[in-house]
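Numbering (full-length UniProt numbering), first residue to last: 1 to 191.
Worksheet: one structure, shown below.
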């Protein structure tokens, strides 16, 4: 729980923390900080924000193979307490002229996706495509890391998917559906 002490200090110093427990950030062809494999990325107009490093790699790899490049990819980590959240990054992507659309990759545990849905509905004009992992995860069982647990009737994938859908996010059922959802949500994407 050291992160609880670190975050206020960083915010007071105008410093941004990506993570903890994340793969980092990459703007293909410009800068990479962290462990994301550079060769699966390519420059382009798609912003990617993810709680899952592995899903980031899989989705980016599939999109790159279909000639969809990324403006920036950020893995924020799956912990419940982190330095930068979906809303922080959506706000930045909305202002970024190089980003034409956004992919949001969530997972079970916590309420970050539900909180983000309200922000998207009110503040984001760019197309947002989403995927939430963990539809078949059993309630109350920890899945992978500290953030991935469904408890107390919240944090489930189905609830997150429904909330994001109602906010206008085009939701993919599987990682391989992201491309089709992106083209459906933004027919002129990349042009």
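All C-beta atoms, glycine included, are put in the ideal place defined by N, C-alpha and C.
Beta-bridge partners of residue i, as assigned by DSSP
i           : result
residue 27  : 31
residue 170 : 129
residue 53  : According to DSSP, residue 53 bridges with nothing at all.
residue 43  : 70
Nearest candidate by alpha-carbon position, reference residue i, set the options
i           : options               : result
residue 25  : 7, 72 and 44          : 72
residue 101 : 129, 107 and 113      : 129
residue 183 : 127, 162, 84 and 132  : 127
residue 194 : 173, 104, 179 and 61  : There is no way to answer for residue 194, as the model of the chain reaches only from 1 to 191.
residue 170 : 176, 185, 6 and 156   : 185
residue 114 : 134, 82 and 167       : 167
residue 43  : 83, 22, 23 and 66     : 66
residue 175 : 159, 110, 104 and 118 : 104
residue 69  : 160, 81, 157 and 39   : 39
residue 81  : 6, 131 and 177        : 6
C-alpha distance - residue i paired with residue j, whole-angstrom precision
i           : j           : result
residue 98  : residue 124 : 15 Å
residue 45  : residue 12  : 32 Å
residue 189 : residue 1   : 41 Å
residue 187 : residue 62  : 18 Å
residue 163 : residue 10  : 31 Å
residue 180 : residue 165 : 16 Å
residue 120 : residue 161 : 14 Å
residue 22  : residue 35  : 9 Å
residue 159 : residue 96  : 30 Å
residue 157 : residue 4   : 26 Å
residue 110 : residue 138 : 15 Å
Tell me, please, whether the stretch 35–52 touches the stretch 68–81 by the rule of three or more beta-carbon pairs shorter than 8 Å. Yes: at least three Cβ pairs fall under 8 Å.
Write down every uninterrupted run of the beta strand (DSSP E) in the stretch 64–116 whose length is 3 residues or greater and which is fully enclosed by it, in chain order. 70–75 and 101–107
Taking contact to mean 3 or more Cβ pairs, one atom from each stretch, closer than 8 Å, check whether the stretch 10–18 and the stretch 56–63 are in contact. no
Between the stretch 28–39 and the stretch 86–95, do three or more beta carbon pairs fall short of 8 Å? Three or more beta-carbon pairs separated by less than 8 Å are not found between the stretch 28–39 and the stretch 86–95, which leaves the two stretches without contact.
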